[in-house]
Ligand code: SF4
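In our numbering, the protein residues as written are 10 to 302.
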């Protein structure tokens, strides 16, 4: 995987090539048939270094150590633990965009106590990180970052504080209309055919929730296609009925809150079909209660 803004470093290892992604981020990308078992990376945050090692290979791990200096910092670890504890306000009801798209899955976790386990697709995460760095560079080059005032106006315009959401915005320049602050999302497309390159219903739902939440009528979707030679596409989506969108978002959050207070799953709409594992022949603790017509 290579993007133009990624610089390959002069580092010798039979297992991986070392890349500099930005001033502080480095990636160790496994060489073909090296047996490394996964990629790795590290982030230099000044006095500390965070290492993400998924190699699963002792010798590759040794090479990785040659590329960095690892310092365990007890004070920083404790401070981080402290900050994490103090931010866990258990009584506050919060949702993510994913919970709104698959509301019954949130119910399964929160009310039925079923833990689906942690899922991470490392390669997808890497592509997303690379594209995020690329978009940030673009914002720098075109000077389309939001300034402090614009950021706080956007933050204060959030309709419903029960939804947790990352802050990804840029100044979109449109001739004759001046700057417009619009949200964007970053995605990885799995298709290997140009015919199927498009924003998926999930991507559009995600952007729609963000637009509904911030009373915006449009946003951008950046997609990288690893199977199409890292092709990057930008889709601009216009939502014509923004008020309706805001109303639906609020209603869905209310529904989830009420159903969980009353422990009544029937108050919730079904998860979107493309999010339902039952359709792929897998099971779900609520499959007998759910029915997609
Ligand atoms: S069966 Fe499908 S719709 Fe029902 S909770 Fe599970 S994933 Fe959602």
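The beta carbon of each residue, even a glycine, is placed where N, CA and C say it ideally should be.
What are the start and end residues of the alpha helix (DSSP H) that includes residue i?
i, result
"residue 314", "No answer is possible for residue 314: the residues shown for the chain start at 10 and end at 302."
"residue 108", "106 to 110"
"residue 265", "251 to 271"
"residue 7", "Lying before the first or after the last residue shown, residue 7 is absent from the chain, which here runs from 10 to 302."
Is residue i buried or exposed, if buried means 16 or more other CB atoms sit within 10 Å of its CB?
i, result
"residue 143", "buried"
"residue 162", "exposed"
"residue 72", "buried"
"residue 135", "buried"
"residue 92", "exposed"
"residue 24", "buried"
"residue 286", "exposed"
"residue 103", "exposed"
"residue 179", "buried"
"residue 288", "exposed"
"residue 27", "buried"
"residue 114", "buried"
"residue 90", "exposed"
"residue 205", "exposed"
"residue 176", "exposed"
"residue 313", "Residue numbering for the chain in the displayed model covers 10 to 302; residue 313 lies beyond these limits and cannot be assessed."
Note down the Cα distance separating residue i from residue j, rounded to an integer number of angstroms.
i, j, result
"residue 140", "residue 195", "7 angstroms"
"residue 170", "residue 244", "27 angstroms"
"residue 249", "residue 226", "7 angstroms"
"residue 17", "residue 88", "34 angstroms"
"residue 148", "residue 229", "13 angstroms"
"residue 138", "residue 167", "26 angstroms"
"residue 255", "residue 210", "18 angstroms"
"residue 275", "residue 284", "18 angstroms"
"residue 246", "residue 213", "8 angstroms"
"residue 294", "residue 38", "38 angstroms"
"residue 238", "residue 159", "36 angstroms"
"residue 40", "residue 165", "47 angstroms"
"residue 174", "residue 112", "16 angstroms"
"residue 220", "residue 251", "7 angstroms"
"residue 94", "residue 84", "15 angstroms"
"residue 234", "residue 132", "12 angstroms"
"residue 181", "residue 157", "16 angstroms"
"residue 109", "residue 260", "10 angstroms"
"residue 297", "residue 282", "15 angstroms"
"residue 258", "residue 124", "26 angstroms"
"residue 199", "residue 290", "21 angstroms"
"residue 86", "residue 280", "38 angstroms"
"residue 19", "residue 36", "13 angstroms"
"residue 189", "residue 183", "8 angstroms"
"residue 68", "residue 42", "14 angstroms"
"residue 273", "residue 116", "9 angstroms"
"residue 218", "residue 49", "33 angstroms"
"residue 292", "residue 208", "27 angstroms"
Hey, could you find the ends of the beta strand (DSSP E) residue i is sitting in?
i, result
"residue 187", "187 to 197"
"residue 227", "227 to 234"
"residue 124", "From DSSP, residue 124 is part of no beta strand (DSSP E); its letter is neither H nor E."
"residue 164", "Premise fails: residue 164 lies in the alpha helix (DSSP H), 157 to 165, not in any beta strand (DSSP E)."
"residue 26", "25 to 29"
"residue 243", "240 to 247"
"residue 180", "178 to 183"
"residue 172", "Run containing residue 172: none; DSSP gives neither H nor E here."
"residue 35", "34 to 39"
*Mind listing, in chain order, the residues whose beta carbon lies closer than 5 angstroms to a non-hydrogen atom of the ligand SF4?*
113, 279, 280, 285, 287, 293, 295, 296, 299
*Every unbroken alpha helix (DSSP H) within the stretch 272 to 302, with a cutoff of 4 residues, ordered by chain*: none
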